[in-house]
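Worksheet: the structure to be examined is printed underneath.
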Amino acid sequence: MKIFIDSADLDEIKQAYVWGVCDGITTNPSLLKKAVDVRKKKGQKLDIKSYLTEILKIAKGTPVSLEVTERTVKGMIEQGKKLYALFNPIAHNVLIKIPVNPALNAADTNHFEGIAAIKALSNAKIPVNCTLIFIPEQALLAAKAGAKIVSPFAGRIDDYLRTTNAIKFDKSDYFPAHGWMEKGRLLSDHGVVSGVDLVRQCVQILKNANLKTEVLAASLRNPRQVREAALVGAHIGTIPFTVIPDLLKHSKTYEGMATFTNDVVKEYLELTKG
Ligand code: E4P
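Per numbering that gives the first Met the number 0, the sequence shown starts with residue 0, numbered consecutively.
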């Protein structure tokens, strides 16, 4: 599984690429707002074009998803094309992120405009990352429309299952991939029992349909969820900056290191000195 950083914060992105574990970057309007607000609060002037240019250069040819903010099919296509024309020439690594369904509620009439935008951009050879996937059927339609990547939001499904069932939790708490029993019943949403289960179903459905679209496990909250996303066959996992170091932490590793450091044979060390 490829590892992306889920961030629009330049410092975080720089650091993650220094660590050498990043295969790409995902941004979204909220992540960009958060990163920009931090800079504005510090009184820094912001040139958004240079800021994004720097991110694309740091990514060194690995994919970076930039999301549209328009909600009509025309608006999403135009904005997607403009973003691609502005930023792809910098490092040839831009994907345009399109919501699977830009409707704000069930009564809206624009449910298919995301799919239409994905089709149009993909036909124009602009790679699309389809975002805000919460049911596997959305992934199927987006992939059939030509999306290069589909992004099921694993963590948000877990949050949703817990919130709607009044379970107290911290966002980083582990949610079992096989689901959560509460008062004798298995919690589920549209037949999905956990975020990892959503990712698993997306992977299986696209495989069954022989579609080449990659599944990006998004909204990951902790290392175990990252592992489980990889185990169920996600092609990519996008991980918040703070969770990346957690992938390496274990008390027995520290303990082993302390012992090995203590046990160094002086003559052995001298072999590689000087
Ligand atoms: C995916 O590309 C999204 O940017 C992201 O993973 C959303 O994560 P969140 O649920 O932590 O906001």
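C-beta atoms are modelled at their ideal positions from N, C-alpha and C, and glycine is treated no differently.
Quick check on DSSP: helix, strand or coil for GLY154? Helix at GLY154.
How many Å lie between THR271 and GLY255 at the Cα? When rounded, the distance between both Cα atoms is 22 Å.
Got a sec? Which residues, its chain only, sit under 7 Å from VAL202 by beta carbon, not counting five neighbours each side? Within its own chain, the residues whose Cβ lies closer than 7 Å to the Cβ of VAL202, once the five positions on either side in sequence are excluded, are VAL214, VAL231, GLY232, ALA233, listed in chain order.
DSSP on ILE57, reduced to helix/strand/coil? Assigned with DSSP and collapsed to three states, ILE57 falls in helix.
Counting C-beta neighbours from all protein chains within 10 Å, is the total for VAL191 16 or more, i.e. buried, or is it exposed? By the beta-carbon neighbour count (other beta carbons within 10 angstroms, threshold 16), VAL191 is buried.
Compute the distance between the beta-carbons of THR68 and GLY23, then report whether it is under 8 Å. No.
With a floor of 4 residues, list each alpha helix (DSSP H) that falls wholly inside the segment 143-202, ordered by position along the chain. Along the length of the segment 143-202, whole alpha helix (DSSP H) runs at least 4 residues long occupy 153-163, reported in chain order.
Can you tell me whether PHE133 is helix, strand or coil according to DSSP? In this structure, PHE133 counts as coil in the three-state DSSP scheme.
Reduced DSSP category for PHE240 - H, G, I as helix; E, B as strand; rest coil: Helix.
Environment of ALA119 [buried if 16+ CB atoms lie within 10 Å]: Label assigned to ALA119: buried.
Where the beta strand (DSSP E) through PHE3 begins and ends: Counting along the chain, the beta strand (DSSP E) containing PHE3 begins and ends at 1-5.
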